[in-house]
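To start, the structure itself, in structure tokens.
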């Protein structure tokens, strides 16, 4: 599907009139005013017929690459038989994916609540924590980005939060890295503590293992639950199945984002142990989702989990990620433009001087046929999170482009 | 009672039948990995059936082989019918080309769907952003209202239902859903529905938005009167308050018009849609808002205020076909015509059974029956299930049962549904002589109306019944 320049312009104009000129400008500023046509693996072809390397991956959705064949095939078979189903009902698809997730996730978390998007999965984790513990306090590590819904927004670090105020009460941010504050902020009123093992939107900042252990210890002392949001870091992204495995700290509740649906179906999940499910057994159907736990979505999720287990994309993420990191560090070493490179596996981040420079860097990358986005918390960063199927050759193309950009400045 | 109803599945039974043992295995897995309490709850109301051969207006229980009319439709998600072949074909061919696509980017599918939505939406509802589902859409709408007006207060209605995410739950008018999650977002106020005076007493210069369902669904099917809706419109205009219509359940033909607001011609400032836009196959949702500077300026300066994985390319391809199908087959009109027939039949039933049915309400194929007592809701669900009608009592009002058939229903199917409801009322009359005298004692009535007692009581009756059936050698 190629489009003439004229047709592309007409599409952009129409987009602006329906979604807003600000939205189109936001895209143009980052070189994201491209149209994705044929999609495959770590790449897509734009409307000019040019191949792009996708370093956004839908913000961590396309871990298995664009349009993974086996998942599409499984979806097509499921479609012959079934539909999304009546949401409150028992179904074999919901049960089967739940069982698979219990086996896939390290630790003893074996119960699942399905959602359609990460914010919903996060909000449910907040509600479950409050309900199960009969406590109100929710604490998040400062610098995180959890989503757009009410609880997720309240506990995220973002500038426009006041626009929507007042937000959720009894929610607090834990100043990052400040061990002294742990005791004060996490106490016997705290239901749960929320952490992204790597703050993807915040220059991949990660807590020191000792700091994370201190948080966990305090959670154990007070009875507060530790919740890991692995929407961006999970499903192999950082070189392990889940990023918390790097730290040897296991959460009480795990949030898996849309990578569960492999970019074919929107499905997210909150995973927790039986001890917490006791609350939901007592109060069934207290949290509902029409689209969450769709029988089709569960079938896609189950096929994706099989594919994750079969291909172990975290191994490639670790290997190619290290290669990419090495190349980027070398490129950054000789440049005034890039201050630092951070991240793990195929979740990497370049630090630039200002948000404007980060936007311009994305735009320049786009001219080199690499689609990337700025960090939502640290706006002076460029996040590189390609598909976990990225080849060494494709990684080299990314490095070459970055080198070229740095040199040409 | 025959097992197979004329609303028959087209597939040979071998492909989908399950033995009771196989069903038990599924239940055990579901209980362990998803939730046990849910099974207990569904069993009490005879709603613990599995859904197979999902076609047209119903599905088949793979164990009993009983065909069910789907009068729940996943709370109004199956307007184009279960497993609609034309929508499926659109999804199938989209799957040959695309995936969800990168959220936020320009795509022909997003633009085409947004264009179609604003064409069909009333008045100057000309701008769109997508959301992942109903709750996310409501969260987006409330954020837009607060962000644009810089005012804090959101007024919702008692028993109004808007979802389970942070903002939408804060706007949810039923204590049951909120209780264990509190404290929720402050500055949400609740007033009785269809009551302009109550609204006017609360609405003021600090009010960002009033959010209502033009026809309350979960609350028990209450139709907003034309005077109420126009009164709200005027109040909002006078006080510069944004009017939000949540059309997640009422949209896409459910009430006999494409959108419920079109019955009165009152145009909201913001409208949320979800559920049936996904054709029962693929999640999607949208917020459609008026092309007025207050709103467009806010979105233009804050384009990232509510980005979403909703409005995926696959989702938009499906939704586009859903809209085409609705229009080509004049399903809104069908909903109006069939809805009137169903309502007439239910009103007749009410006349015949004044001790059971208190009221019949609704528009199009969004119809509710209100029983005299709350405990009758679960009892009726049970009686209906035995007669091949899958219907749920309202989450926010157990004495009201919603009938929300897929709006593709034809005359013959509707005749069968009506006959089945009649049969269920007759069946219930045989149990009522036991319950009704007891219900005259206030403490017993309170007990009977308690959801927990019902779950235990009906679960217990169910066990006895299964035992008797086993002895008789019928059923399982």
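Residue numbers (this note's numbering), protein chains in the order written: chain A, 1 to 409; chain B, 1001 to 1476.
The beta carbon of each residue, even a glycine, is placed where N, CA and C say it ideally should be.
| said: Strictly below 9 Å CB to CB, what residues from chain A border residue 1105 of chain B? | reply: By Cβ distance, chain A contributes 27, 32, 33, 34, 35, 36, 56, 371.
| query | Taking 8 Å as the line, does the beta carbon of residue 38 of chain A fall inside it for any heavy atom of the ligand GTP? | reply | Within the structure as shown, the ligand GTP is missing, as the structure has no ligands at all.
| request: Report the option in A:267, A:268, A:282 whose CA atom is closest to the CA atom of residue 274 of chain A. | output: Taking residue 274 of chain A as reference, the option from A:267, A:268, A:282 with the minimal CA-CA separation is A:282.
| If we ignore side chains and look at the alpha-carbon of each, how far apart do residue 407 of chain A and residue 72 of chain A end up? | Straight-line Cα distance between these residues: approximately 42 Å.
| From the beta carbon of residue 117 of chain A, is the nearest beta carbon of chain B less than 9 Å away? | So yes, residue 117 of chain A belongs to the interface.
| So with Cβ pairs under 9 Å, would you call residue 251 of chain A a contact of chain B? | Taking Cβ atoms only, chain B never reaches closer than 9 Å to residue 251 of chain A, which makes this a no.
| Under 8 Å Cβ-Cβ, which residues of chain A neighbour residue 1277 of chain B? | Going along chain A, no residue has its Cβ under 8 Å from residue 1277 of chain B, so there is no contact; the nearest lies around 11 Å.
| message | Looking only at its chain, what residues have a beta carbon closer than 6 Å to the beta carbon of residue 1042 of chain B, apart from the 5 residues adjacent to it on each side? | response | The residues 1048, in chain order, have a CB closer than 6 Å to that of residue 1042 of chain B in the same chain once the five nearest residues on each side in sequence are set aside.
| Counting only beta-carbon atoms, is residue 202 of chain A nearer than 9 Å to chain B? | Residue contact check for residue 202 of chain A against chain B: no CB pair falls below 9 Å.
| field | Element boundaries [beta strand (DSSP E), containing residue 381 of chain A] | value | Note, residue 381 of chain A: beta strand (DSSP E), 381-384.
| said: Considering only the alpha carbon of each residue, which of B:1070, B:1036, B:1086, B:1255 lies closest to residue 1389 of chain B? | reply: It is B:1070 whose Cα lies nearest to the Cα of residue 1389 of chain B.
| query | Distance, Cα to Cα, residue 1319 of chain B vs residue 1283 of chain B? | reply | Taking the straight line from one Cα to the other gives about 9 Å.
| query | Using the beta-carbon of each residue, which ones in chain A are nearer than 7 Å to residue 1162 of chain B? | reply | Within chain A, no residue comes near residue 1162 of chain B; the closest Cβ sits about 11 Å away, beyond 7 Å.
| task | Mind checking which residues open and close the beta strand (DSSP E) that includes residue 43 of chain A? | result | Boundaries of the beta strand (DSSP E) around residue 43 of chain A: 43-46.
| In its own chain, which residues sit with a C-beta less than 6 Å from the C-beta of residue 1424 of chain B, not counting the 5 before and 5 after it? | Closer than 6 Å at the Cβ level, and outside the excluded window around residue 1424 of chain B, lie 1383, 1384, 1387.
| query | residue 266 of chain A touches chain B at which residues, Cβ-Cβ below 7 Å? | reply | Going along chain B in sequence order, the residues near residue 266 of chain A (Cβ under 7 Å) are 1100, 1132, 1283, 1309, 1312.
| For the candidate residues A:312, A:361, A:162, whose alpha-carbon lies nearest to that of residue 1302 of chain B? | Residue 1302 of chain B has its Cα closest to that of A:162, out of A:312, A:361, A:162.
| field | Chain-ordered chain C contacts of residue 287 of chain A [CB-CB under 7 Å] | value | Looking at the structure shown, chain C is missing, and the protein chains on hand are A and B.
| message | Considering only the alpha carbon of each residue, which of A:96, A:202, A:400 lies closest to residue 1030 of chain B? | response | Distances from the alpha-carbon of residue 1030 of chain B to those of A:96, A:202, A:400 put A:96 closest.
| query | Taking the alpha helix (DSSP H) that residue 229 of chain A falls in, what are its first and last residues? | reply | Not the alpha helix (DSSP H): residue 229 of chain A falls in the beta strand (DSSP E), residues 225-229.
| field | Inter-residue Cα distance where the pair is residue 414 of chain A and residue 1113 of chain B | value | Residue 414 of chain A is absent from the model: chain A starts at 1 and stops at 409.
| Residues of the region 1020-1041 of chain B whose Cβ lies closer than 8 Å to any Cβ of chain A, in chain order | If the cut-off is 8 Å between Cβ atoms, the region 1020-1041 of chain B has 1026, 1027, 1029, 1030, 1032, 1033, 1034, 1035, 1036, 1037, 1038, 1039, 1040, 1041 near chain A.
| request: Classify residue 159 of chain A as buried or exposed, calling it buried when 16 or more other Cβ atoms lie within 10 Å of its own Cβ. | output: If you draw a 10 Å sphere on the C-beta of residue 159 of chain A, you find fewer than 16 other C-beta atoms in it, and that means exposed.
| message | Short of 6 Å in beta carbon distance, which residues of its chain neighbour residue 451 of chain A, apart from the five on each side in sequence? Order them along the chain. | response | What is shown of chain A runs 1 to 409, which leaves residue 451 of chain A out entirely.
| said: With a threshold of 8 Å on Cβ separation, who are the neighbours of residue 1189 of chain B within its own chain once the five nearest residues in sequence on each side are excluded? | reply: Excluding the 5 residues flanking it on each side, residue 1189 of chain B has same chain C-beta neighbours closer than 8 Å at 1153, 1154, 1155, 1156, 1202, in chain order.
| query | Can you give the beta carbon distance from residue 1137 of chain B to residue 1285 of chain B, rounded, assuming they're within the 8 Å contact cut? | reply | Residue 1137 of chain B to residue 1285 of chain B, Cβ: 4 Å. Contact.
| Three-state secondary structure (DSSP) of residue 1196 of chain B | Helix, per DSSP.
| query | What whole-angstrom Cβ distance do residue 22 of chain A and residue 1124 of chain B have, given they're in contact under 8 Å? | reply | With a beta-carbon spacing of about 19 Å, residue 22 of chain A and residue 1124 of chain B fall beyond the 8 Å limit used to define contacts.
| query | Would you call the region 1137-1151 of chain B and the region 1265-1273 of chain B in contact, with 3 or more CB pairs under 8 Å? | reply | Yes, they touch.
| request: Give, in chain order, every residue of the region 1316-1331 of chain B whose Cβ lies closer than 7 Å to some Cβ of chain A. | output: Listed in sequence order: no entries.
| Whole-Å CB distance - residue 305 of chain A paired with residue 100 of chain A, under 8 Å assumed | Right, the Cβ-Cβ distance comes to about 5 Å (below 8 Å), so this counts as a contact.
| Spatial distance of residue 1380 of chain B from residue 1421 of chain B (CA atoms) | Straight-line Cα distance between these residues: approximately 9 Å.
| Just by C-beta distance, which residues in the region 84-99 of chain A are closer than 9 Å to chain B? | Listed in sequence order: 84, 85, 86, 87, 88, 89, 90, 91, 92, 94, 95, 96, 97, 98, 99.
| message | So that I know if they touch, is there some Cβ in chain A lying closer than 9 Å to that of residue 1004 of chain B? | response | Reliability of the predicted coordinates at residue 1004 of chain B is poor, the pLDDT of 37 falling under 50, and the value obtained from them is presented with this limitation in mind. Output row for residue 1004 of chain B: interface = no.
| said: Between the region 308-317 of chain A and the region 234-246 of chain A, can you find at least three pairs of beta-carbon atoms closer than 8 Å? | reply: The region 234-246 of chain A is in contact with the region 308-317 of chain A.
| Within-9 Å CB hit, residue 1159 of chain B to chain A | Judged by the 9 Å Cβ criterion, residue 1159 of chain B is not in contact with chain A.
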